[in-house]
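For the sequence shown, position 80 matches number 80 in full-length UniProt numbering, and the numbering has no gaps at all. We put the CB at the ideal spot given by N, CA and C, even for glycine. See below for the structure under consideration.
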Amino acid sequence: MFSHVTIGSNDVGRAKAFYDALLQPLGLVRHMDYPNAVGYGPAGGRPQLWVLSPLDKNAASVGNGITIGLEAPDRGAVDAAHKAALTAGGTDEGAPGLRAHYHPNYYGGYLRDLDGNKICVVCHRKP
């Protein structure tokens with residue numbers, strides 16, 4: 001349904017290391033790399049997740065109510081991505097675990113990136 005998603009950053013250089021760590025367990029790789037932007041997507045695919053300095057030259061800010069949901073292939077990848085993100089400087093917003101109030105197989109972990117953007121890494125599959 002989506003072509004791409006962009007996430008604003010005030011320090012793209014720092015954000016690259018964070019997103020490299022977060023996205024590696026999910027099988028997503030860096031496709032494009034510019035001084036003020038970096039694009040990630042599936043290996044062999046195209047960049048669909050962009051981290052960039054806002055084009056209007058204003059500071060990046062967190063959108064209230066916005067969460068970027070990244071799908072993981074399995075629950076182990078959710079755990080690995082969440083741990084990698086915290087090690088890379090992110091902050092915990094909810095440890096990985098089953099959240100059956102969403103649906104019986106919703107296994108997700110929540111965190112914030114270095115600029116405060118909320119990210120959910122989730123697996124919807126049965127274990």
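For the alpha helix (DSSP H) containing residue i, name the first residue and the last one.
i    : result
K16  : 12-23
A100 : Here A100 belongs to no alpha helix (DSSP H), and DSSP marks it neither H nor E.
Near residue i, which residues of its chain fall below 8 angstroms by C-beta distance, leaving aside the five closest residues on each side in sequence?
i           : result
P54         : G8, A60
A37         : V12, W50, V51, L52, S53
residue 128 : This structure gives no information on residue 128, because the portion of the chain shown stretches from 1 to 127.
G97         : Y107, G108, G109
D79         : P96, G109
H103        : H124
I66         : N117, K118
Over what stretch of residues does the beta strand (DSSP E) that includes residue i continue unbroken?
i    : result
K118 : 118-123
G8   : 5-8
My assumption, with CB atoms under 8 angstroms, is that residue i sits in contact with residue j. Please give the rounded CB distance.
i    : j    : result
R99  : G108 : 6 angstroms
C120 : A77  : Not a contact, Cβ separation roughly 13 angstroms.
A72  : L26  : 5 angstroms
A85  : F18  : 7 angstroms
Can you name, in chain order, every residue of its own chain whose Cβ lies under 6 angstroms from the Cβ of residue i, other than the five neighbours on each side?
i           : result
residue 128 : Residue 128 falls outside the range modelled here, since the chain spans only 1 to 127, and no answer is possible.
G116        : V62
R14         : L114
Under 7 angstroms Cβ to Cβ from residue i, same chain only, skipping five residues before and after it: list those, please.
i    : result
R125 : D74, N105
D20  : R30
TODO: Entirely within the region 31-109 and at least 4 residues each: give me those alpha helix (DSSP H) ranges in chain order.
DONE: Counting only runs of 4 or more, we get 75-87.
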